[in-house]
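A short write-up of the structure that comes next.
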Amino acid sequence: MARGRKAAPPPSLVLERAPHRSDSRRPRRRSWNGPASARLCLPALLAVVAVLAALRSFPPASTDSEQRESSPQALPSLSPEVLASVCEASSALPAQPAGSDDLAARRAALEAAAAELASSQRFMEAAAKYRDALELDPSSTTAHDGLMRAFHAIYGPPGNGPRDDRNRTDDFRLAMARGVASGTASCVSSDPPIYVLHKVVSREEASALLRLREGRRKDWSYVPPLVCFDHPHFSRHPKLQPYLQHGIGANGRRSCLNQRASAATSTVIQFSESLALYAGEEWLVDEVGRRLHERAGLDPLSGINFQLLSYKSGSAYHGHTDCDQNTDLLDARRPIRMASVLIYLTDSFDAGETEFTELGIKLRPEVGSAVVFYSYYNPEQRYGGRMCDMRTMHSARLVQNGEKHVLQRWYSYRSDPFFDVRPWRLQNDLRLRLPWQSVIKCDQVLSAQHSESVDQNLPDVSCRWYNKPYDFVHENA
Numbered sequence: 001m002a003r004g005r006k007a008a009p010p011p012s013l014v015l016e017r018a019p020h021r022s023d024s025r026r027p028r029r030r031s032w033n034g035p036a037s038a039r040l041c042l043p044a045l046l047a048v049v050a051v052l053a054a055l056r057s058f059p060p061a062s063t064d065s066e067q068r069e070s071s072p073q074a075l076p077s078l079s080p081e082v083l084a085s086v087c088e089a090s091s092a093l094p095a096q097p098a099g100s101d102d103l104a105a106r107r108a109a110l111e112a113a114a115a116e117l118a119s120s121q122r123f124m125e126a127a128a129k130y131r132d133a134l135e136l137d138p139s140s141t142t143a144h145d146g147l148m149r150a151f152h153a154i155y156g157p158p159g160n161g162p163r164d165d166r167n168r169t170d171d172f173r174l175a176m177a178r179g180v181a182s183g184t185a186s187c188v189s190s191d192p193p194i195y196v197l198h199k200v201v202s203r204e205e206a207s208a209l210l211r212l213r214e215g216r217r218k219d220w221s222y223v224p225p226l227v228c229f230d231h232p233h234f235s236r237h238p239k240l241q242p243y244l245q246h247g248i249g250a251n252g253r254r255s256c257l258n259q260r261a262s263a264a265t266s267t268v269i270q271f272s273e274s275l276a277l278y279a280g281e282e283w284l285v286d287e288v289g290r291r292l293h294e295r296a297g298l299d300p301l302s303g304i305n306f307q308l309l310s311y312k313s314g315s316a317y318h319g320h321t322d323c324d325q326n327t328d329l330l331d332a333r334r335p336i337r338m339a340s341v342l343i344y345l346t347d348s349f350d351a352g353e354t355e356f357t358e359l360g361i362k363l364r365p366e367v368g369s370a371v372v373f374y375s376y377y378n379p380e381q382r383y384g385g386r387m388c389d390m391r392t393m394h395s396a397r398l399v400q401n402g403e404k405h406v407l408q409r410w411y412s413y414r415s416d417p418f419f420d421v422r423p424w425r426l427q428n429d430l431r432l433r434l435p436w437q438s439v440i441k442c443d444q445v446l447s448a449q450h451s452e453s454v455d456q457n458l459p460d461v462s463c464r465w466y467n468k469p470y471d472f473v474h475e476n477a
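Numbering-wise, the sequence shown is residues 1 to 477 according to full-length UniProt numbering.
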């Protein structure tokens, strides 16, 4: 593929490293185990020793000076052999308690509260209660039917699949041209189209979004996450087979560790985080969607839910594309990520740029500004293409000395109001989850052959924590 024209980012778009933030620390996590966890028998104590021995095989942490001198793209390796050792040791640990709460009573109370809200025509609040009830019991027909009634009251009855209203790429193209002309946006690359949209949110609003994240994150911190792999180097590794549950998910490829093994390995895997936010749940999030529509021509009806991404010091994400390779933009029956928005919410960290690895472009806009790019092309024009543009491959470089937080949203060519609501249909593989259990997904990504700093003998895998234990599947897809 011939490379397109590259435009070096203006100096103001790539910031110098921020000063070290001395008060940066890992968020406090509430303990999930009850008092019984203090009464471990001798085999369990030996198992703990075995886990600690397994962890010693990880490379020692570098000092601050060593970390600054190393390449920000050098990700720590994730070894199936070490994970297998941790899983083996975990098998002798006490089983995680299932909890003593009466889930049926809690679900019934949520359903009653939702019905009362719906009777007062507070349908969005009612929908949130019904979805909480489905989290406790995905098979509840009362909650599912009530949720459908609330959605239909808000959005109208669903059609026969996602709507293809018009060519939304023209809206994006014209809006960004206006932004560049007015100085509210900067063009980083014309082909493929990459922009920085200035001051989408204020610093005060960025802080409010971080407070929102802190509160929402606690709801998903009481149960250790389920760890799943969508990478054959792990899902087919012989030493991990006793702890994996196979052939699950829509494509039959994903494998998840059992609960004991997941609880143990989740403490040794390096991962970033994605906290899903949905339409109607927070005024500020909906307001950001309205601003992006006005300034970037990206219609909320085409928007997939917002995500608050978080990277602790030492975490990153390998190079990948947001578009689907070998998938026609117009033929797909599900949301296909046509355009992407990344709004930076913090700057108290070193490195951590968004890097377009095929173009040699690194971006780190100021707090409140956004990286915006379009992922599809055809050979004759920059906009309106139907095939994934591999030149938009990008990575989140290794964060150092602080934490990076970004508000992300993808936009589909097709439109449907249900793209942006909290989904309700469970994936088959995630029926293994406990109520309010998050998921760490370790996926195969694309960038090993493109980065000299990545060991070519190691699997190219990045792990991310999700509180979205569902994949949207349209009723008629």
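Just so you know, even glycine gets a beta-carbon here, dropped at the ideal spot from N, CA and C.
Collapsing the DSSP output to three states places Q259 in a helix.
Contact check for L257 against Y243 passes: the beta carbons are separated by less than 8 Å.
Put simply, the region 306-316 does not touch the region 361-372. Fewer than three CB pairs are less than 8 Å apart. With a contact defined as Cβ atoms closer than 8 Å, S395 and T357 qualify at about 6 Å. In the three-state reduction of the DSSP assignment, A84 falls in the helix class. Annotation: the continuous beta strand (DSSP E) that includes L308 extends over 306-311. Boundaries of the alpha helix (DSSP H) around T141: 141-155. Its chain contains D230, H231, D460, V461 as the residues whose beta carbon lies nearer than 7 Å to that of Q444, once the 5 sequence neighbours on both sides are disregarded; these appear in chain order. Sequence-distant Cβ neighbours of L83 in its own chain, meaning closer than 7 Å and more than five residues away, are L240, T265. With contacts defined by Cβ atoms closer than 8 Å, I194 and V200 do not form a contacting pair. Per DSSP, E355 lies in no alpha helix (DSSP H) segment; the continuous beta strand (DSSP E) that holds it begins and ends at 354-356. A straight line joining the alpha-carbon of E287 with that of L209 spans about 12 Å. By the Cβ criterion, the region 297-304 is not in contact with the region 435-444, since fewer than three pairs of Cβ atoms, one from each stretch, lie closer than 8 Å. The secondary-structure analysis by DSSP pairs W410 across a beta bridge with S340. By the Cβ-count criterion, G360 is exposed, with fewer than 16 other Cβ atoms from all chains shown falling within 10 Å of its own Cβ. As computed with DSSP, A351 is found in a beta bridge with V399.
Cβ neighbours of Q408 within its own chain (closer than 6 Å, five residues either side excluded): Q307, L309, L342. Of the candidates P417, S438, P435, W465, P417 places its Cα closest to the Cα of Y155.
Judged by DSSP in its simplified three-state form, V288 adopts helix. In the structure shown, M393 adopts coil according to DSSP, grouped into three states. Only exposed fits P238, as fewer than 16 other CB atoms lie within 10 angstroms of its CB. Separation of the CB atoms of R107 and D137 is rounded to 5 Å, and the pair is thereby assigned contact status at 8 Å.
Annotation for D420: Y278, A279, P300, G303, I304, N305 place their beta carbon closer than 7 Å to its own, counting only its chain and skipping 5 residues before and after. Going by C-alpha positions, Q437 is about 8 Å away from N467.
Spatial neighbours of Y377 in its own chain (CB-CB distance under 6 Å, excluding positions within 5 residues in sequence) are listed in chain order as G385, D389.
Nearest in C-alpha terms to C463, of all of R149, D324, S119, V268, is V268. Under DSSP, I269 takes part in no beta bridge, so it has no partner. Distance check between H320 and each of S375, D102, D171 places S375 closest, using alpha-carbon atoms only. When DSSP reads this structure, V372 sits in a beta bridge with Y195, V341.
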